[in-house]
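Novice: After the structure tokens below, expect a handful of questions from me.
Numbering (my numbering), first residue to last: 146 to 347.
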């Protein structure tokens, strides 16, 4: 098992243990495949440690059934590891009881409401790991203010880890995050006309 020895030890006044247990913000961005897959792999590790996991899927349709959703829900209900709460914007979010009187809220409104719930959960320290899947898109489109997101994440209490996925992550978020991975595409089967397939894309 790699020990992950740092090449530089910062002069921040923290002990090695304090620095090791510092809450982190991860960003998985870029045009390549695997951003959400990597985040859900992290969720599996968190579940195994007994951590409560909160997944918030921004943008994706309720009809899009990802395999990780079923697997993590089953694991979360097993009593063996941590709990798993899974929320989808495409389903209108589970905590919204009804649409406003003037009709169905827009996707922009739904994205904002999702972020408001994330803020509430962070303040309450509801989860130990948050997966904000495809959250980079509402930031890139200007639906949610990146400056606000950075400040909320900077001020979050406790030891809550947050992973954000999606293309075009704003530079301010990248600058703030502790770990940033840019998924670059070298080759993809779709380039040769192959459609997504069961067990690989979903």
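Ideal placement from N, C-alpha and C gives every residue a C-beta, glycine not left out. In this text the structure is predicted, and so the values were computed from the model without any measurement.
Please classify residue 197 as buried or exposed, where buried requires at least 16 other C-beta atoms within 10 Å of its C-beta.
Specialist: Translated into positions along the chain shown, residue 197 becomes position 52. It counts as buried.
Novice: Could you give the DSSP three-state label for residue 211: helix, strand or coil?
Specialist: Position 66 of the chain shown holds residue 211. Residue 211 falls in the coil class under three-state DSSP.
Novice: Applying the criterion that 16 or more other CB atoms from any shown protein chain within 10 Å of the CB defines a buried residue, is residue 335 buried or exposed?
Specialist: Residue mapping note: residue 335 aligns to position 190 of the chain shown, counting from 1. Label assigned to residue 335: exposed.
Novice: Tell me the DSSP bridge mates of residue 173?
Specialist: On the chain shown, position 28 is the one that residue 173 refers to. 310, 326, per the DSSP bridge assignment.
Novice: Using three-state DSSP, classify residue 339 as helix, strand or coil.
Specialist: Stepping through the chain shown from its first residue, residue 339 is reached at position 194. Reduced to three states, the DSSP call for residue 339 is coil.
Novice: Are residue 278 and residue 310 touching if we call contact CB-CB under 9 angstroms?
Specialist: Translated into positions along the chain shown, residue 278 becomes position 133. Translated into positions along the chain shown, residue 310 becomes position 165. Yes. Within cutoff.
Novice: Would you report the Cα separation of residue 195 and residue 320, rounded to the nearest angstrom?
Specialist: Within the chain shown, numbered from 1, the residue matching residue 195 stands at position 50. Within the chain shown, numbered from 1, the residue matching residue 320 stands at position 175. Each residue's Cα considered, the two are about 30 angstroms apart.
Novice: With H, G and I counted as helix, E and B as strand and the rest as coil, what does DSSP make of residue 317?
Specialist: Start at 1 with the first residue of the chain shown, and residue 317 comes out as number 172. Reduced to three states, the DSSP call for residue 317 is helix.
Novice: Does the distance from the C-beta atom of residue 174 to that of residue 230 stay below 9 angstroms?
Specialist: The count along the chain shown starts at 1 and reaches residue 174 at position 29. The count along the chain shown starts at 1 and reaches residue 230 at position 85. Going by C-beta atoms, residue 174 is not nearer than 9 angstroms to residue 230.
Novice: Taking the alpha carbon of residue 315 as the point to measure from, which residue in 192, 327, 306, 304 has its own alpha carbon closest?
Specialist: Taking the first residue of the chain shown as position 1, residue 315 is located at position 170. Closest option to residue 315, Cα to Cα, is 327.
Novice: Could you tell me the distance, in whole angstroms, from the CA atom of residue 303 to the CA atom of residue 267?
Specialist: Mapped onto the chain shown, residue 303 falls at position 158. Mapped onto the chain shown, residue 267 falls at position 122. Rounded to whole angstroms, residue 303 to residue 267 spans 9 angstroms at the Cα level.
Novice: Looking at C-alpha atoms only, which residue of 189, 325, 300 is the closest neighbour of residue 225?
Specialist: Indexing the chain shown from 1 puts residue 225 at position 80. Of the listed residues, the one whose Cα sits closest to residue 225 is 189.
Novice: So, under 8 angstroms CB-CB, residue 238 and residue 258 are touching, yes? Tell me the CB distance rounded to an integer number of Å.
Specialist: The residue given as residue 238 occupies position 93 in the chain shown. The residue given as residue 258 occupies position 113 in the chain shown. Contact holds; Cβ gap of about 6 angstroms.
Novice: Measuring straight from C-alpha to C-alpha, what distance separates residue 241 and residue 214?
Specialist: Translated into positions along the chain shown, residue 241 becomes position 96. Translated into positions along the chain shown, residue 214 becomes position 69. Those two C-alpha atoms are separated by around 20 angstroms.
Novice: So, under 8 angstroms CB-CB, residue 269 and residue 171 are touching, yes? Tell me the CB distance rounded to an integer number of Å.
Specialist: Sequence index remark: in the chain shown, residue 269 carries index 124 (1-based). Sequence index remark: in the chain shown, residue 171 carries index 26 (1-based). Wrong, their Cβ atoms sit about 21 angstroms apart, outside the cutoff.
Novice: Taking the C-alpha atoms as reference points, what is the distance between residue 202 and residue 330?
Specialist: As a first step, residue 202 is located in the chain shown; it is residue number 57 there, counting from the start. As a first step, residue 330 is located in the chain shown; it is residue number 185 there, counting from the start. For residue 202 and residue 330, the distance between alpha carbons rounds to 23 angstroms.
Novice: State the start and end residues of the unbroken alpha helix (DSSP H) segment that holds residue 111.
Specialist: Nothing about residue 111 can be reported from this structure: the residues present for the chain run from 146 to 347 only.
Novice: To the nearest angstrom, how far is the alpha carbon of residue 162 from that of residue 200?
Specialist: Counted from its first residue, the chain shown places residue 162 at position 17. Counted from its first residue, the chain shown places residue 200 at position 55. Each residue's Cα considered, the two are about 28 angstroms apart.
Novice: Assuming residue 180 is part of the alpha helix (DSSP H), what are its boundary residues?
Specialist: As a position in the chain shown, residue 180 is number 35, starting the count at 1. 180-193 is the span of the alpha helix (DSSP H), which, as asked, contains residue 180.
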